[in-house]
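Residues -16 to -1, 1 to 104 (mature numbering (1 follows the signal peptide of the UniProt record, and there is no 0)) make up the sequence shown, in order. I have placed the structure first, in the form of structure tokens, so that the comments after it can refer back to it.
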Amino acid sequence: MLGIVLALSVSTAAFAADPAKIGQTEKGPALTDAKGMTLYTFDKDAGGKSACNGPCAVNWPPLSAPQGAKGSGSYSVVTRDDGSLQWAYKNNPLYGWVKDKKPGEVTGDGVNGVWHIATP
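In structure tokens, the structure reads:
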């Protein structure tokens, strides 16, 4: 019986869903969170590390990863300055934008010339 439970646990982990989905925006396909909200990347992030902390992270909430999360495929997990975990796509940390109010909005694209829609 233990072998069956263990096998089911392993197979469930192997088929875990990606942390982001692909949604449609007026600017084309974009990565979205579970609620369909557009995700963004930040030009100042480098080497798989987030440069958006403090007040920046209030306006651009990181796509949080749970403790113990493991990346797979194009997704990885980065550790933020505060020790929390954040999902990244192709080594680029992912963020939401507080001014997007409904799925498909892309009001954060191009903000200050450094924020961009995360595209698949």
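Think of the CB as a built atom: it goes at the ideal place given N, C-alpha and C, for glycine as much as any other residue. None of these values were measured; they are calculated from a predicted model.
The criterion of a C-beta distance shorter than 8 Å is not satisfied by residue 4 and residue 69. The alpha-carbon of residue 101 is positioned some 15 Å away from that of residue 71.
Membership of residue 53 in any alpha helix (DSSP H) is not indicated, and neither H nor E is assigned to it by DSSP. Residue pairing for residue 68: DSSP places it in no beta bridge. Burial of residue 34 is indicated by the presence of at least 16 other C-beta atoms within 10 angstroms of its C-beta.
Secondary structure of residue 13 (DSSP, three-state): strand. Within the same chain, 61, 69 come within 7 Å of residue 53 by CB-CB distance, once the 5 residues on both sides are set aside. Exposed is the label assigned to residue 65, since fewer than 16 other Cβ atoms lie within 10 Å of its Cβ. Where residue 95 is concerned, there is no enclosing beta strand (DSSP E), because DSSP gives it neither an H nor an E.
Taking the Cα positions, residue 76 is about 20 Å away from residue 11. In its chain, beyond the 5 residues on either side, 65 have a beta carbon closer than 6 Å to the beta carbon of residue 37.
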